[in-house]
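Undergrad:
Number of protein chains: 2
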Amino acid sequence: MPGPRAPEAQRREQILCAAYDVAAREGLAGTTILQVAAAAGLSPGLIPFHFGTKRQLLLSLLDWLLETTTVLQVGPEIQRLRSPTDRMIALLRQEMARLSSEPYRIRLTFDFWTAGVRDEEVQARMREEFARYRQAFRPTIDAFLASQPERFKGVTAEGLSAVVVSFIKGCAVQSMIDPEHFDMDEYLTAAERMLSSLGGRPATISLSDSIHPAADTGASAPM
Amino acid sequence: MPGPRAPEAQRREQILCAAYDVAAREGLAGTTILQVAAAAGLSPGLIPFHFGTKRQLLLSLLDWLLETTTVLQVGPEIQRLRSPTDRMIALLRQEMARLSSEPYRIRLTFDFWTAGVRDEEVQARMREEFARYRQAFRPTIDAFLASQPERFKGVTAEGLSAVVVSFIKGCAVQSMIDPEHFDMDEYLTAAERMLSSLGGRPATISLSDSIHPAADTGASAPM
DNA sequence: CGTATCATTGAATAGACGTTCAATTATCGT
DNA sequence: ACGATAATTGAACGTCTATTCAATGATACG
Chain A
1 MPGPRAPEAQ
11 RREQILCAAY
21 DVAAREGLAG
31 TTILQVAAAA
41 GLSPGLIPFH
51 FGTKRQLLLS
61 LLDWLLETTT
71 VLQVGPEIQR
81 LRSPTDRMIA
91 LLRQEMARLS
101 SEPYRIRLTF
111 DFWTAGVRDE
121 EVQARMREEF
131 ARYRQAFRPT
141 IDAFLASQPE
151 RFKGVTAEGL
161 SAVVVSFIKG
171 CAVQSMIDPE
181 HFDMDEYLTA
191 AERMLSSLGG
201 RPATISLSDS
211 IHPAADTGAS
221 APM
Chain B
1 MPGPRAPEAQ
11 RREQILCAAY
21 DVAAREGLAG
31 TTILQVAAAA
41 GLSPGLIPFH
51 FGTKRQLLLS
61 LLDWLLETTT
71 VLQVGPEIQR
81 LRSPTDRMIA
91 LLRQEMARLS
101 SEPYRIRLTF
111 DFWTAGVRDE
121 EVQARMREEF
131 ARYRQAFRPT
141 IDAFLASQPE
151 RFKGVTAEGL
161 SAVVVSFIKG
171 CAVQSMIDPE
181 HFDMDEYLTA
191 AERMLSSLGG
201 RPATISLSDS
211 IHPAADTGAS
221 APM
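Protein sequence lines, in the order shown, are assigned to chains A and B. Numbered according to our numbering, the first sequence spans residues 1 to 223. Numbered according to our numbering, the second sequence spans residues 1 to 223.
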């Protein structure tokens, strides 16, 4: 009764894709070996055969999720902006835009956050991912801090990047619990006024200009 | 073999406390009727008898969690501060301090956030709680915006409170995944410089002053 | 004191799940 | 073409779970 064979790597990817489909739809708690097997069109026994255990399947799914997620795109449209403040705001806008454009991926990542609270291995991967995400903001934040040295004396780039990342992750939480109420432009306006230099010129880009988050790369982004 | 009886309300509270103990320790996924019964020192059959179903037990636990959680304390020490900016920073400090002082409660709330992504009733309760939390910031934020009208022209109090709440919730996420790296003072310094008026006087309270989050009330905080 | 009520117990039930494994057969090397 | 290898299947197993329920006895009330 065995069906057609396939090389190890290809079958693993097939199973991982099926696992992503199920997990994105039903959540981590609702992801069972039976459902993954059904989604992949395979026998349930194949999953333990290729991944050993369900836990290892989910860890592999997490790795796959993080790998297929571009940490942060500072694309040419953003780099072209002269003012560091404008680049900051454009980055914020781009990252917040993903919260509504990639709900499934973000919800699944959210599931893994929760799993990471009590699972050491998941937590380690998430910790690393968070650090990568903060680091990706560093060039822009360094330039931003350097552009207003007297104002941000004593503020570390580490600290500000953590604040920015916290804000984005907090927006992710709110956008998942209360998507109706989530008003990106309203929040960005508030954020922009806090970032902008006080007496200075207004931001050189309007908030209604949209900086598209590198849609052509096909890559998606973390939280 | 039946043990001693107890009035309905008292037994429900006993079971809820046991459920909280288990859920705080093992997470929502690891909370079973058997464990709750064992923690309460009761027979497993009593839980469905008093709560109908496990789902209703967990919904009652969520209600209990939110009820025993003070939304936001703007205590006398904070109200005494003259500058709205100082009050904002003191509130931020107070709320962030809870992230490390009440880890169990916060981790459980986090679990419910995740549950709320796919459960309508949980989501509704969380949405309401988020709105309450934002509203609690409103008086302070209104005063803050009024203190720098020219700078924050066009910024709504709704928007800024959402930004502040997002930041705090994002800090909660980071503090749970990467507690080691969580540096409250560093983040507060960055936040303070973004809130402060630019040419203005420095904040009248030092960041090393600790505003204790109304420890005497015994009430605990959201998130 | 005696009786009806009902909270309580603990075993039983049914279902879902992860994992194991003997049987089967597609695939490859020879 | 043929046998060896091993991927694949599907059923079986054990475990864990929520839920049900008949039996029990504590408690309130007459």
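Glycine included, each C-beta is placed from N, C-alpha and C at the ideal position.
Looking only at C-alpha atoms, which of 172/A, 178/A, 196/A and 138/A sits nearest to residue 72/A?
TA: For this step, residue 72/A is matched to residue 72 along the first sequence. If we check each option's Cα against that of residue 72/A, 138/A comes out closest.
Undergrad: Below 7 Å between beta carbons is the criterion; list the residues of the region 114-126 of chain B that meet it against any residue of chain A, in chain order.
TA: 114, 116, 117, 118, 123 and 126
Undergrad: Using a Cβ-Cβ distance under 8 Å, would residue 97/A count as near chain B?
TA: In the first sequence, residue 97/A corresponds to position 97, counting from 1. No, residue 97/A does not count as interfacial toward chain B.
Undergrad: Quick check on residue 160/B - is its C-beta less than 8 Å from some C-beta in chain A?
TA: Walking along the second sequence from the start, residue 160/B turns up at place 160. Yes, residue 160/B counts as interfacial toward chain A.
Undergrad: Would you identify the three-state DSSP class for residue 69/A, choosing helix, strand or coil?
TA: Reading the first sequence from its first residue, position 69 is the one you call residue 69/A. The answer is strand: DSSP assigns residue 69/A an E or B state.
Undergrad: Show which residues of chain A have a CB atom less than 8 Å away from the CB atom of residue 132/B.
TA: Here residue 132/B refers to the residue found at position 132 when the second sequence is read from its first residue. By Cβ distance, chain A contributes nothing, its closest Cβ being about 12 Å from residue 132/B, past 8 Å.
Undergrad: Could you give the first and the last residue of the continuous alpha helix (DSSP H) run that contains residue 48/A?
TA: If you number the first sequence from 1, residue 48/A lands on position 48. Residue 48/A -> alpha helix (DSSP H) spans 46-51.
Undergrad: Given a cut-off of 8 Å on the beta-carbon distance, is the pair residue 162/A and residue 134/A in contact?
TA: Here residue 162/A refers to the residue found at position 162 when the first sequence is read from its first residue. Here residue 134/A refers to the residue found at position 134 when the first sequence is read from its first residue. The answer is yes: Cβ separation under 8 Å.
Undergrad: For residue 1/A, which of helix, strand or coil comes out of DSSP?
TA: The sequence position of residue 1/A within the first sequence is 1, counting from 1. The answer is coil: DSSP assigns residue 1/A none of H, G, I, E or B.
Undergrad: Going by alpha carbons, who is nearest to residue 188/B out of 155/A, 197/A, 192/A and 180/A?
TA: The residue given as residue 188/B occupies position 188 in the second sequence. Minimum Cα distance to residue 188/B is reached at 155/A.
Undergrad: Please report the Cβ distance between residue 88/B and residue 168/B, rounded to the nearest whole angstrom; I am assuming they are in contact, meaning their Cβ atoms lie under 8 Å.
TA: As a first step, residue 88/B must be located in the second sequence, where it is residue number 88. As a first step, residue 168/B must be located in the second sequence, where it is residue number 168. Rounded, the Cβ-Cβ distance is 12 Å, inconsistent with contact.
Undergrad: What in chain B is Cβ-close to residue 41/A, meaning under 8 Å?
TA: Your numbering for residue 41/A matches position 41 in the first sequence. Chain-order list of chain B residues neighbouring residue 41/A: empty, with the shortest C-beta distance near 25 Å, by a criterion of under 8 Å.
Undergrad: Could you name the residues of the region 134-152 of chain B whose beta carbon sits closer than 7 Å to any beta carbon of chain A, in the order they occur along the chain?
TA: 151 and 152
Undergrad: Less than 8 Å between CB atoms is the rule here; does residue 186/A satisfy it with respect to chain B?
TA: Taking the first residue of the first sequence as position 1, residue 186/A is located at position 186. Interface residue, yes.
Undergrad: Out of 85/A, 52/A and 63/A, which has the shortest C-alpha to C-alpha gap to residue 108/A?
TA: Position 108 of the first sequence holds residue 108/A. Comparing Cα positions, the closest option is 63/A.
Undergrad: Please name the residue in 40/B, 10/B, 30/B and 1/B whose C-alpha comes closest to that of residue 18/B.
TA: Within the second sequence, the letter at position 18 stands for residue 18/B. The shortest C-alpha separation from residue 18/B is found at 40/B.
Undergrad: Output the distance between the C-alpha atoms of residue 153/A and residue 79/A, rounded to the nearest integer angstrom.
TA: Locating residue 153/A in the first sequence gives position 153, where the first residue counts as 1. Locating residue 79/A in the first sequence gives position 79, where the first residue counts as 1. For residue 153/A and residue 79/A, the distance between alpha carbons rounds to 25 Å.
Undergrad: Are the C-beta atoms of residue 17/A and some chain B residue less than 8 Å apart?
TA: Position 17 of the first sequence, counted from the start, is the residue given in the question as residue 17/A. Taking 8 Å as the CB threshold, residue 17/A stays off the interface with chain B.
Undergrad: Tell me whether residue 197/A sits in a helix, a strand or coil according to DSSP, three-state version.
TA: The sequence position of residue 197/A within the first sequence is 197, counting from 1. In the displayed model, residue 197/A falls within coil according to three-state DSSP, outside both helix and strand.
Undergrad: Taking the beta carbon of residue 6/B as the centre, do at least 16 other beta carbons fall within 10 Å, making it buried, or is it exposed?
TA: Working through the second sequence from its first residue, we reach residue 6/B at position 6. Its Cβ having fewer than 16 others within 10 Å, residue 6/B is exposed.
Undergrad: State the Cα-Cα distance for the pair residue 57/A and residue 29/A, rounded to the nearest angstrom.
TA: For this step, residue 57/A is matched to residue 57 along the first sequence. For this step, residue 29/A is matched to residue 29 along the first sequence. Looking at the two C-alpha atoms, the distance is approximately 14 Å.
Undergrad: Quick check: what's the CA-CA separation for residue 178/B versus residue 1/B?
TA: Walking along the second sequence from the start, residue 178/B turns up at place 178. Walking along the second sequence from the start, residue 1/B turns up at place 1. Going from the Cα of residue 178/B to the Cα of residue 1/B covers about 49 Å.
Undergrad: Could you name the residues of chain B that residue 105/A contacts, counting a contact when the two beta carbons are closer than 8 Å?
TA: Stepping through the first sequence from its first residue, residue 105/A is reached at position 105. Those do not exist, as residue 105/A stays about 13 Å from chain B at its closest Cβ, beyond 8 Å.
Undergrad: From 136/A, 49/A and 104/A, pick the residue whose C-alpha is nearest to that of residue 20/A; which is it?
TA: As a working mapping, residue 20/A is identified with position 20 in the first sequence. Answer by Cα proximity: 104/A.
Undergrad: Might you give, ordered along the chain, the residues of its own chain that have their beta carbon closer than 8 Å to the beta carbon of residue 123/B, omitting 5 neighbours on each side?
TA: Locating residue 123/B in the second sequence gives position 123, where the first residue counts as 1. Around residue 123/B: 116 and 117.
Undergrad: In this structure, how does DSSP classify residue 34/A when only helix, strand and coil are distinguished?
TA: Indexing the first sequence from 1 puts residue 34/A at position 34. Three-state DSSP puts residue 34/A in a helix.
Undergrad: Measuring only the C-alpha atoms, how far is residue 55/B from residue 65/B?
TA: Here residue 55/B refers to the residue found at position 55 when the second sequence is read from its first residue. Here residue 65/B refers to the residue found at position 65 when the second sequence is read from its first residue. Computed Cα separation, rounded: 15 Å.
Undergrad: Specify the secondary structure class of residue 156/B as computed by DSSP and reduced to three states.
TA: Taking the second sequence and counting its residues from 1, the one referred to as residue 156/B is at position 156. Residue 156/B: coil per DSSP, three-state reduction.
Undergrad: Using a beta-carbon distance below 8 Å, is residue 224/B in contact with chain A?
TA: The structure shown does not extend to residue 224/B, since chain B is modelled only from 1 to 223, so the question has no answer here.
Undergrad: At 9 Å on the CB atoms, spell out the chain B contacts of residue 178/A, in chain order.
TA: Counting from one through the first sequence, the residue named residue 178/A turns up at place 178. Within chain B, the residues near residue 178/A are 123, 126, 127, 130 and 131.
Undergrad: Can you name the start and end residues of the alpha helix (DSSP H) that residue 148/B belongs to?
TA: As a position in the second sequence, residue 148/B is number 148, starting the count at 1. Per DSSP, residue 148/B belongs to no alpha helix (DSSP H) and is neither H nor E.
Undergrad: I need the DSSP call for residue 19/A, collapsed to helix, strand or coil.
TA: Residue numbering aside, residue 19/A sits at position 19 when the first sequence is read from its first letter. In this structure, residue 19/A counts as helix in the three-state DSSP scheme.
Undergrad: With burial defined as no fewer than 16 other Cβ atoms inside 10 Å of the residue's Cβ, what is the status of residue 182/B: buried or exposed?
TA: Counting from 1 along the second sequence, the entry for residue 182/B is found at position 182. When all chains shown are included, residue 182/B counts as buried.
Undergrad: Quick check: residue 151/B and residue 196/B, are their CB atoms within less than 8 Å of each other?
TA: Sequence index remark: in the second sequence, residue 151/B carries index 151 (1-based). Sequence index remark: in the second sequence, residue 196/B carries index 196 (1-based). Not in contact: residue 151/B and residue 196/B (Cβ atoms no closer than 8 Å).
Undergrad: Taking only beta-carbon atoms, is residue 62/A less than 8 Å away from chain B?
TA: Your numbering for residue 62/A matches position 62 in the first sequence. No, residue 62/A lies away from the interface with chain B (no Cβ there is under 8 Å from its Cβ).
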